[in-house]
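A.B. asks: Numbering (my numbering), first residue to last: 478 to 976.
Each residue gets a CB set at the ideal place from its N, CA and C atoms; glycine is no exception.
Got a structure for you, written out below as structure tokens; questions coming shortly.
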């Protein structure tokens, strides 16, 4: 029997490893740092995430693989290819921006949130999320998914004594555990029919399953996808999203909306395109139906938000993120029908990069407004231009990017690439559903944008913007503006190299 593992390529696994190590350092340091100096833990976390992102640079010179089966270079558990690096950049960049938002949020909470535990949980989740796109066997995929998820449950409910936060965490936890259990059953079915967990080997062996096991293999494929569909907030696995986003600290809601989705979509891409290409006739129609349902339910849910309802701004962003998940699913479904699956997957990655930058920007401005309007209603944004012109202009820009309207060229460009993928795949009906949903989304994005520039009610106050929050808003703005000026960079950068 061959040995399972060869030598470890430490450079390949450095980005997620560093995030995990810094998390442990912060947890231990919390025991020795006095209450007055707890803020230093946040800056250590920010520096750790920035360093982990920088460690991606040495990996650009070529694909790397480690934890490989002896004698089979294609059967590896960890692969640092182009797809891995792009998703890891998205994850670590999103976690870094979340950390900048969190520095201000923890300071404003005035010791109501346990800082050491907060930073440890955030870094642990980021490490799991960075591990997942590199995973090339089902066991590592599931472990990475849970390492990314379990700390997120605790982060959602980290406000001690807050009933809303506890309920949100419980709903998130119970629904996620159910999805994971279903997914693990699917993995066991796939293993039973193929005798392997490595994705490349599954792709080969699942085509030659005995006829009597064909139904078992088909069931395994469907059940395996459920856990990843839950993480993407695809309908009907979306019901946890609005309450969880409202109950969580705002930076964690931003983190879930971007990094949580990146985890789900990268997992979906790996299991469908690498492990189950021969079952495209099963997952293709399923994902197409999920995409149509998800974008419709998400956009209609966002449209129904009342501007005077408490936390309506966060709820709108939550429902909007469900709708955006539908758009992200479209190219993955298209890969089942397309002759150029890599191009279709590249469209999802391109859209995810655009969405991450501008959605985090919108949450950053929402965090700024929440400092003076804790209920964070859409009506609280009325006259924001009079109080803080730059923040209003940037939020308007982010919302127009999400809507796909100029000057948010990157949003328009990303939607066009998704349309192109679905049309090339011959899914005309899905293109029509997407077009209708884009029009629905235009209405509520524009409604919020126009509110920013209306005359304020009463005397306009001023927003003092702390340095970490300023940095987060500035970084997302620079990314959004730069990509709108040169949108072709996104497609060039998102070439996946999966095949």
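Mind checking who residue 555 pairs with in its DSSP beta bridge?
C.D. replies: 543, 612
A.B. asks: According to DSSP, is residue 685 part of a helix, a strand, or is it coil?
C.D. replies: Correct three-state label for residue 685: helix.
A.B. asks: Compute the beta-carbon to beta-carbon distance between residue 605 and residue 621, rounded to the nearest angstrom, for a pair I have assumed lies under 8 Å.
C.D. replies: 5 Å
A.B. asks: Exposed or buried, residue 663, counting other C-beta atoms within 10 Å across all chains shown (16 or more means buried)?
C.D. replies: buried
A.B. asks: If you scan the segment 882-953 from start to end, which runs of the alpha helix (DSSP H) of 4 or more residues do you find wholly inside it?
C.D. replies: 886-901, 905-929
A.B. asks: Does DSSP put residue 691 in a helix, a strand or coil?
C.D. replies: helix
A.B. asks: With which residues is residue 675 paired in a DSSP beta bridge?
C.D. replies: 614
A.B. asks: Determine the direct distance from the alpha carbon of residue 959 to that of residue 707, and round the result to whole angstroms.
C.D. replies: Each residue's Cα considered, the two are about 32 Å apart.
A.B. asks: The alpha helix (DSSP H) that contains residue 819, what's its start and end?
C.D. replies: 818-847
A.B. asks: Output needed for residue 979: all residues of its chain with C-beta closer than 6 Å, excluding positions within five of it in sequence on either side, in chain order.
C.D. replies: The displayed coordinates of the chain run from 478 to 976. Any statement about residue 979 would go beyond what the structure contains.
A.B. asks: Can you tell me the Cα-Cα spacing of residue 603 and residue 487, whole angstroms?
C.D. replies: Roughly 18 Å separates the two Cα atoms.
A.B. asks: Can the beta-carbon of residue 896 be found less than 8 Å from the beta-carbon of residue 835?
C.D. replies: Their beta carbons are not under 8 Å apart, which means residue 896 does not touch residue 835 by this criterion.
A.B. asks: Assuming residue 467 and residue 566 form a contact by the criterion Cβ under 8 Å, report the distance between their Cβ atoms to the nearest whole angstrom.
C.D. replies: For residue 467 there is no data in the structure shown, the boundaries of the chain being 478 and 976.
A.B. asks: Which same chain residues, not among the five before or five after residue 700, have their C-beta less than 6 Å away from its C-beta?
C.D. replies: 659, 662, 663, listed in sequence order.
A.B. asks: How about residue 782 and residue 767: do their beta carbons lie closer than 8 Å?
C.D. replies: For residue 782 and residue 767, no; Cβs fall outside 8 Å.
A.B. asks: From residue 985 to residue 878, what distance separates their C-alpha atoms?
C.D. replies: Nothing about residue 985 can be read from this structure; the chain reaches only from 478 to 976.
A.B. asks: Just reading off the alpha helix (DSSP H) that residue 781 is part of, what are its end residues?
C.D. replies: It is not in any alpha helix (DSSP H) - residue 781 carries neither H nor E in the DSSP assignment.
A.B. asks: Helix, strand or coil: how does DSSP classify residue 589 here?
C.D. replies: coil
A.B. asks: Where does residue 746 land, buried or exposed, given buried means 16+ other C-beta within 10 angstroms?
C.D. replies: buried
A.B. asks: Quick check: the segment 513-523 against the segment 570-581, are there 3 or more CB pairs under 8 Å?
C.D. replies: yes
A.B. asks: Please say whether residue 697 and residue 666 have beta carbons closer to each other than 8 Å?
C.D. replies: yes
A.B. asks: How is the alpha helix (DSSP H) around residue 742 delimited, first residue to last?
C.D. replies: 738-746
A.B. asks: When you compare the segment 889-906 with the segment 802-814, are there three or more beta-carbon pairs, one atom per stretch, that lie closer than 8 Å?
C.D. replies: Result yes; three or more Cβ-Cβ pairs closer than 8 Å.
A.B. asks: By how many angstroms is the C-alpha of residue 643 removed from the C-alpha of residue 597?
C.D. replies: Rounded to the nearest angstrom, the two C-alpha atoms are 19 Å apart.
A.B. asks: Just how far apart, CA to CA, sit residue 625 and residue 932?
C.D. replies: 43 Å
A.B. asks: Find the nearest neighbour of residue 889 within the set 611, 583, 545, 828, judged by alpha-carbon distance.
C.D. replies: Of the listed residues, the one whose Cα sits closest to residue 889 is 828.
A.B. asks: Tell me which residues share the same chain as residue 754 and place their Cβ nearer than 8 Å to its Cβ, disregarding the 5 neighbours each side in the sequence.
C.D. replies: Result list for residue 754: 680, 818, in chain order.
A.B. asks: Would DSSP call residue 486 helix, strand or coil?
C.D. replies: coil
A.B. asks: Label residue 953 either buried or exposed according to how many other C-beta atoms from any shown protein chain fall within 10 Å of its C-beta, with 16 as the threshold for buried.
C.D. replies: buried
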